[in-house]
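Residue numbers (this note's numbering), protein chains in the order written: chain A, 1 to 314; chain B, 1001 to 1324. Here the structure comes first, spelled out in structure tokens, and everything after it is commentary.
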Amino acid sequence: MSHNLTIKELQIQADIIREDIITSLAVAKSGHSAGPLGMADIFTALYFQTLNINPKNPDDPTRDFFILSNGHICPVLYATLANRGFFPKKELLTLRKLNSRLQGHPHRTSIPGIETTSGPLGSGLSQASGIALAHQRDNKPNKVYCVVGDGEQNEGNHWEAVMFAAKYKLSNLIAITDRNYIQIDGPTEQVMPLGDLEKKYQAFNWNTITIDGNNMQQIIATFNQAKQNKDKPLMIIAKTIPGKGVSFMENDYRWHGSPPGGLKTERSPEKDKQQSIAIAELHAKEISERGNWYKTHNHLHPIHNAKKSSSKKK
Amino acid sequence: MKLNPKLKLNANQPPLPTRNGYGDALLELGKTNKNVYVLCADLTESTRADKFAKAYPNQFVEIGIAEQNLVTVASGLAHAGKIPFASSYAAFCPGRCWEQIRTTICYNNQNVKIIGAHAGVSVGPDGATHQMLEDIAIMRALPNMTVVVPLDYNQTSAATKAIAKHIGPAYMRFARDPTPQLTTPKTPFQIGKIQVLQDGSDLTIIGCGPILFQAIQAASILKNQHNISVAILNCHTIKPLDTRTIEAYAKKTKRIITIEEAQIAGGLGSAIAEHLSSTIPTHIYRLGIKDHYGESGEPSELLKKFKLTPQDIARECHKIFKTK
Ligand SMILES: Cc1ncc(C[n+]2csc(CCOP(=O)(O)OP(=O)(O)O)c2C)c(N)n1
Ligand SMILES: [Mg+2]
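Structure below.
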């Protein structure tokens, strides 16, 4: 069910998703910025190219399953699902608000396209393994994808799943680690050193691939290759830049749980300027890297445009 | 007990989160007692352990995101003579690591203090996964465990010092949001001893935690609109329960309303109902979260949605007053 977009089109889509992440978080006035921005490229690749999914029929039993284990990065999941047509984009403006379907951490029965509730860390890979085992025993071709944080892998529950998936040779399980080297209290290697994850997964009998998780070409090539995965579960270690695309957020762990406008650092503009500067930076990047973006950009309707026009009407 | 004289109902005195009282008390404790250890699971700032971590790095342990390891390492430290405070969000500790607490801390009777921050629906936008509601129930079910839910900033500070002195397992729960200061730094605090926030003769509200501020406001509505005299008891210790004071008020006012920002199944109200049902059977109505998960929203919106505003409390009190 791939859209067959070009790499360039996927990159533009990822940037629209980044803009929507910024807007939804700024309107919510709380929530996580760093992880979602860093993972926008991978989510775009998954939902616009790799996953066999159908927004019109989200419960199609032949679909690929996607489990988000590190639920706090849901702003990227919500923005991606909305851009892919699972629900109206204007709903992104209700993130974290009372009665919204977009709960602060994703809730399974609240919104179409979400396979499980997450937020409490460390239990996504186990659930993904359970689904993969069922498919394996039923001889079903569906693949199971699971995104996990790196800090999240401090949890014992995660490593219980790692052993389990290897024991049952769940080659239909494709996990992706967001290796961004940050968690709440600081850099991962200071809080609880994870060391060489690739070696760890190999020692646990997994296949592994390490990639630049912000390089669309590499992401797509790796996901294509992953479809042929055999004999063992696969861990894709995606090195990403937390806060990617917003200069004052990049590689600073303090943006883990702050929205644009929520934190003033040495590197950041004043709080009230952060949202517009973040959006402007994303636009500037579009122009410099990909030339005339304007048409595609407006065709994809980032919500900050929708907001401006609706507030003008008032 | 005397309330904070500066407290004016409906006025905005500077509110402070209960968890700040924990952080500030730890800073004092760490200086005088080198056996006081603080352990944290990648939530150092939000549990307010950050000042302690900076001041006493040798008494601080960063466990990473591993709540089962958090409490079991704490058990080991306690066995070696330390007084560990194992802190995280209540949803994850004790939520994630309850069996480890049960066996390695309670059954072992180790001197570990379990700290659950961000309890109740007033946690707000993070939503249901992070709004712990069942902690009182699961912790008070454990033999050897002491369970404390402090009222405000000052009381959290006092309770932190009291549980540090108390030998044995203890659990303490905090709210996330700043809440009014009902007590002063001089207000006495004793584990297991109810504080009478105000006396009354028609009915008794027994509660725990910052939600008692709403109860005080409800009592003033009841006084002004219906001339109903309400006693309010701060039952900050759910275990061991101050059964004498509870029995005295059951006899005195006949009707009891309990209130907590927690699941009413198994919570403070249940503890009181269990006790009175076999001693002084009393008409009890329990306010709290009724077999529901929380959700995202602003704290004040959520208290409204879950019917815990002063108006809601007053309405329920009035109902129970009329039925008997
Ligand atoms: C069981 C559990 N413990 C603690 C938390 C609080 N928490 C939320 S995100 C986070 C850090 C996660 O780090 P990582 O997976 O690297 O995510 P990133 O900061 O890179 O987005 C923590 C400790 C939680 N959500 N669940
Ligand atoms: Mg990380």
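Backbone N, C-alpha and C fix where the C-beta goes; we use that ideal spot for every residue, glycine too.
> Roughly how many angstroms lie between the CA atoms of residue 1314 of chain B and residue 1219 of chain B, to the nearest whole one?
Replying inline: Along the second sequence, read from residue 1 onward, the residue named residue 1314 of chain B stands at position 314. Along the second sequence, read from residue 1 onward, the residue named residue 1219 of chain B stands at position 219. Those two C-alpha atoms are separated by around 7 Å.
>> So, with DSSP's three-state summary, where would you put residue 9 of chain A?
In response: Along the first sequence, one-based indexing puts residue 9 of chain A at 9. Residue 9 of chain A: helix per DSSP, three-state reduction.
> Which bits of chain A does residue 1246 of chain B rub up against, with CB to CB less than 7 Å?
Replying inline: As a working mapping, residue 1246 of chain B is identified with position 246 in the second sequence. None at all; the shortest Cβ gap to chain A is about 35 Å.
>> Counting C-beta neighbours from all protein chains within 10 Å, is the total for residue 1055 of chain B 16 or more, i.e. buried, or is it exposed?
In response: Along the second sequence, one-based indexing puts residue 1055 of chain B at 55. Residue 1055 of chain B comes out exposed.
> Who does residue 1175 of chain B pair with in a DSSP beta bridge?
Replying inline: What you label residue 1175 of chain B is simply residue 175 of the second sequence in a count that begins at 1. Bridge partners of residue 1175 of chain B: none, in fact.
> DSSP on residue 1090 of chain B, reduced to helix/strand/coil?
Replying inline: In the second sequence, counting from the first residue as 1, residue 1090 of chain B sits at position 90. Three-state result, residue 1090 of chain B: coil.
>> For ligand 2, is there any heavy atom lying closer than 6 Å to the beta carbon of residue 183 of chain A?
In response: Indexing the first sequence from 1 puts residue 183 of chain A at position 183. Yes, ligand 2 has a heavy atom inside 6 Å of this Cβ.
> Just to check, is the beta-carbon of residue 151 of chain A closer than 6 Å to a non-hydrogen atom of ligand 2?
Replying inline: Taking the first residue of the first sequence as 1, we reach residue 151 of chain A at position 151. Yes, the Cβ of residue 151 of chain A comes within 6 Å of a heavy atom of ligand 2.
> Given residue 4 of chain A, which residues of its chain have a CB within under 7 Å of its CB, disregarding the five upstream and five downstream residues?
Replying inline: Indexing the first sequence from 1 puts residue 4 of chain A at position 4. Within the same chain, residue 4 of chain A has no close Cβ partners at all.
> Among B:1105, B:1122, B:1062 and B:1144, which residue has its Cα nearest to the Cα of residue 190 of chain A?
Replying inline: For this step, residue 190 of chain A is matched to residue 190 along the first sequence. Selected option, being the one with the closest Cα: B:1062.
> For the segment 1043-1065 of chain B, which residues have a beta carbon sitting closer than 7 Å to at least one beta carbon of chain A?
Replying inline: 1043, 1044, 1062, 1064 and 1065
>> At a threshold of 6 Å, does residue 224 of chain A count as lining ligand 2 (C-beta to nearest heavy atom)?
In response: As a working mapping, residue 224 of chain A is identified with position 224 in the first sequence. Result no, Cβ not under 6 Å from ligand 2.
> Quick one: what's got a C-beta closer than 6 Å to residue 40 of chain A's C-beta in the same chain, skipping five residues either side?
Replying inline: As a first step, residue 40 of chain A must be located in the first sequence, where it is residue number 40. If we look at residue 40 of chain A and ignore the five residues flanking it on each side, its Cβ neighbours are 14, 17, 18 and 76.
> Among the residues of its own chain, which have a CB less than 8 Å from the CB of residue 1201 of chain B, if the five just before and after it don't count?
Replying inline: Within the second sequence, the letter at position 201 stands for residue 1201 of chain B. So the qualifying residues of the chain are 1229, 1231, 1252 and 1253.
> Hey, which unbroken runs of the beta strand (DSSP E) at 3 residues or more fall wholly within the segment 99-177 of chain A?
Replying inline: 144-149
> Which residue's Cα is closest to the Cα of residue 1169 of chain B: B:1207, B:1084, B:1180 and B:1245?
Replying inline: Numbered from its first residue, the second sequence carries residue 1169 of chain B at position 169. Selected option, being the one with the closest Cα: B:1084.
>> Taking only three categories from DSSP, how would you classify residue 1234 of chain B?
In response: Stepping through the second sequence from its first residue, residue 1234 of chain B is reached at position 234. Of the three classes helix, strand and coil, the one that applies to residue 1234 of chain B here is strand, per DSSP.
>> Give me the chain A residues within the contact set of residue 1297 of chain B, using Cβ-Cβ distance strictly less than 7 Å, ordered along the chain.
In response: The residue given as residue 1297 of chain B occupies position 297 in the second sequence. 97 and 98, listed in chain order.
>> Residues of the segment 171-200 of chain A in Cβ contact with chain C at a cutoff of 7 Å, in chain order, please.
In response: Checking the listed chains, one finds no chain C in this structure; the protein chains it contains are A and B.
> Going along chain B in order, which residues have a C-beta closer than 9 Å to the C-beta of residue 276 of chain A?
Replying inline: Here the question's residue 276 of chain A lines up with position 276 in the first sequence. None at all; the shortest Cβ gap to chain B is about 22 Å.
> Does the segment 1099-1107 of chain B come close enough to the segment 1071-1081 of chain B that 3 or more CB-CB pairs lie under 8 Å?
Replying inline: yes
> Mind checking residue 1246 of chain B: buried by the 16 CB within 10 Å criterion, or exposed?
Replying inline: Stepping through the second sequence from its first residue, residue 1246 of chain B is reached at position 246. It is buried - the Cβ of residue 1246 of chain B has at least 16 other Cβ atoms within 10 Å.
>> Looking at the strands, I want to know which residues DSSP matches up with residue 212 of chain A.
In response: Looking up residue 212 of chain A in the first sequence gives position 212. The partner list for residue 212 of chain A (beta bridge, DSSP) reads A:239.
>> If the cut-off is 9 Å on Cβ atoms, which residues from the segment 1127-1138 of chain B count as contacting chain A, listed in chain order?
In response: 1127, 1128, 1129 and 1130
> Should residue 294 of chain A go down as buried or exposed, given a rule of 16 or more other Cβ atoms within 10 Å for buried?
Replying inline: Reading the first sequence from its first residue, position 294 is the one you call residue 294 of chain A. Counting Cβ neighbours within 10 Å, residue 294 of chain A comes out exposed, since fewer than 16 surround it.
>> My parser needs the beta strand (DSSP E) runs of 3 or more residues fully inside the segment 1194-1252 of chain B; what are they?
In response: 1195-1198, 1203-1207, 1230-1234 and 1237-1239
> Three or more beta-carbon pairs under 8 Å between the segment 175-189 of chain A and the segment 133-149 of chain A, yes or no?
Replying inline: yes
> If you measure from the CB of residue 180 of chain A, is any heavy atom of ligand 2 nearer than 6 Å?
Replying inline: As a working mapping, residue 180 of chain A is identified with position 180 in the first sequence. Yes.
>> Suppose the cutoff is 8 Å on Cβ atoms and the five residues either side in sequence are ignored; what does the same chain contact list for residue 316 of chain A look like?
In response: Residue 316 of chain A lies beyond the residue range present for chain A, which begins at 1 and ends at 314; the question has no answer from this structure.
> Can you list the alpha helix (DSSP H) stretches of 4 or more residues lying completely in the segment 1041-1078 of chain B, in chain order?
Replying inline: 1050-1055
>> Output needed for residue 1009 of chain B: all residues of its chain with C-beta closer than 8 Å, excluding positions within five of it in sequence on either side, in chain order.
In response: Within the second sequence, residue 1009 of chain B is the residue found at index 9, counting from 1. At residue 1009 of chain B, the pLDDT of 49 sits below 50, so the modelled position is not reliable; the number obtained from the coordinates is stated separately. Here the set comprises 1216, 1217 and 1220.
>> Going residue by residue through the segment 28-52 of chain A, where are the continuous beta strand (DSSP E) segments of at least 3 residues, counting only ones entirely within it?
In response: none
>> Measuring alpha carbon to alpha carbon, tell me which residue in A:304, A:200 and A:33 is nearest residue 234 of chain A.
In response: Here the question's residue 234 of chain A lines up with position 234 in the first sequence. With distances taken between Cα atoms, residue 234 of chain A lies closest to A:200.
> Closer than 7 Å, CB to CB, is residue 234 of chain A near chain B or not?
Replying inline: Residue 234 of chain A sits at position 234 when you count from the first residue of the first sequence. No, residue 234 of chain A lies away from the interface with chain B (no Cβ there is under 7 Å from its Cβ).
>> Considering Cα atoms alone, identify which of A:302, A:79, A:8 and A:149 is closest to residue 71 of chain A.
In response: Taking the first residue of the first sequence as position 1, residue 71 of chain A is located at position 71. Comparing Cα-Cα distances from residue 71 of chain A to each of A:302, A:79, A:8 and A:149, the minimum goes to A:149.
>> Cβ closer than 7 Å: which chain B residues qualify as neighbours of residue 117 of chain A?
In response: Against the first sequence, residue 117 of chain A aligns to sequence position 117. The answer, in chain order, is 1129.
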